[in-house]
Structures are given as structure tokens and as C-alpha cells.
């Protein structure tokens, strides 16, 4: 059944309005980050001075370093554990809905609930808060995302080649390194990029599990603390950089994941 021209025009108009609603504020943010004036809402000429200002801001540089440390370490741990978890689940092939719910609960539990739970857990164990607790907290929710992406690839994995490798005398480690890993590597990389993106952007859990002082302040926390004194072009520039890094990592993850699902 073909659609009438009027209906197609209406659908296209709605689509344009939706995209405009989503992306015009982002475009304005990026444009104002190059604003020469001190007012964040009035354009007065092109300038890179706010990006230069960020490069000389010690608090922002420390927060960026903390964010990079947390993102890289938590991504590495979550990728390793998530990949092993996905392989273990798919090799077993017999698991109930309860196990599925336990694995993927961090993906659906509201961040505020997970943050309070982690804070209570660390407090109960009398653990001193700092970057290490933020890393552990990020591993908790990133692990489920990595596992989900890797499992999507393992759904179409031919396990007979693993059995053939074992029959030929290869050890479990050799089979994993020479057979399994090359096949699932795009999914592992996609899961890692997704975990890195989530870790860079995450605020609520980091805020609840961070220690006191600048030593454990991440970039999203720094941005929120700066906004309390009003939005400035410097914040626009910082938000633009964070958004660019996140979009780049997420785009790479989606491209790899699309190839994984298509295989």
C-alpha cells in the first residue's frame, strides 16, 4: 500500500522537527564555545580563547586526568570480565531467566539506586573513597554492557571449531587465543569503546563513590560544580570536548557492533 504525498510530507515534517528539537541545542552549544564574548548566550565573534583557557586551568586538567584514569582502568577490567562472562554463559548454553536478570540488572537499575547501593556497600566495608572506588563502581555497570555486546557475536559463533581445536591437542588458552578471540575481537573492541564512553560521561555514580577533594574529582563532576556559578563559554568549550570524545568512541563502537551483528 502506497502512502499519499500529504502523509509523506507530514511524516517528513515531524521527522525534521524531532531532529531539530534534539540537535539544535547541541549545535548552539558548540557554536557558543567559539564565542569571543564573555556572555555565553550572545554571539560577538569567533575565538578559540576558551579552549586555550581550558588548557591552563589546573582544576579542569586534573579532573580530565582523573576521568581518563577511571575510564581506561574500568574499561580494561570490565572488558576482560565481561568477555569471560559472555563466553562462560554461551558455552554453558543452559541458563535461566534469573541468571540473565542478575547479569543485566546494572543496565536497567536507575543510576541513583545503584549509586546509593555502592555507597552503602563501600561504607559497610569501611573503604576509603577515592578513584579506586569510582573505578570499581564503573566496572559494575560497564561489565553488563560489555557482556551484552560480546554475547551478540557469540550467538552466531560456531562452537564446533573450538571442539576441533581441542581434538587437535590445543590447550584451552591456545584455543582461546588462536580461535575464539580473533572471531569475537570486533565485539570485544566495540564493548570496550561503549564502556569507555559510558565511563567518561557518568556523573551520578562517580559523585556518590568519590572521595573528598580534587584528587578524585572527575570531569563531569567538575562541570557540574562549575555550572553552580553560572554557564560560561568555558563550560561550553569543555562540554563540546567531552561530547566530541564520547561521540567518537560511540560511533566506533556502533560501527564495530553493526559489523558483528551482521556476521
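Residue numbers (the UniProt record's numbering): 1 to 263.
Think of the CB as a built atom: it goes at the ideal place given N, C-alpha and C, for glycine as much as any other residue.
Within its chain, find whatever has a CB closer than 8 Å to the CB of residue i; leave out the 5 residues flanking it on each side and keep chain order.
i, result
"residue 214", "59, 62, 63"
"residue 150", "82, 83, 86, 87, 184, 187, 188, 191"
Tell me the rounded alpha-carbon separation between residue i and residue j.
i, j, result
"residue 6", "residue 14", "12 Å"
"residue 224", "residue 202", "12 Å"
"residue 173", "residue 159", "15 Å"
"residue 36", "residue 219", "24 Å"
"residue 198", "residue 74", "10 Å"
"residue 50", "residue 240", "11 Å"
Buried or exposed: residue i, going by 16 or more other Cβ atoms within 10 Å of its Cβ?
i, result
"residue 200", "buried"
"residue 208", "buried"
"residue 264", "Examination of residue 264 is not possible in this model, given that the chain is present from 1 through 263 alone."
"residue 264", "The first residue shown for the chain is 1 and the last is 263, placing residue 264 beyond what the model contains."
"residue 193", "buried"
"residue 245", "buried"
"residue 67", "buried"
"residue 162", "buried"
Closer than 7 Å by C-beta to residue i: which residues in its own chain qualify, once you throw out the five before and the five after it? Chain order, please.
i, result
"residue 260", "No answer about residue 260 holds up, because its pLDDT of 48 lies below 50 and its placement is not dependable."
"residue 306", "With the chain represented from 1 up to 263, any question about residue 306 goes unanswered, as that position is not in the structure."
"residue 145", "107, 191, 194, 195, 198"
Excluding the 5 residues flanking residue i on each side, which residues of the same chain have their C-beta closer than 6 Å to its C-beta?
i, result
"residue 140", "106"
"residue 216", "130, 131, 210"
"residue 137", "118, 205, 209"
In terms of residue numbering, what span does the alpha helix (DSSP H) encompassing residue i cover?
i, result
"residue 7", "5 to 32"
"residue 50", "49 to 55"
"residue 42", "That residue, residue 42, is in no alpha helix (DSSP H); it is neither H nor E in DSSP."
Practice task
Write down every uninterrupted run of the alpha helix (DSSP H) in the stretch 90 to 169 whose length is 4 residues or greater and which is fully enclosed by it, in chain order.
Solution key: Runs found: 97 to 108, 111 to 124, 131 to 154, 160 to 167.
Problem - Segments of 4+ residues assigned as alpha helix (DSSP H) that fall wholly inside the stretch 198 to 255 - result: Entirely contained in the stretch 198 to 255, the alpha helix (DSSP H) runs reaching 4 residues are, in chain order, 204 to 209, 219 to 227.
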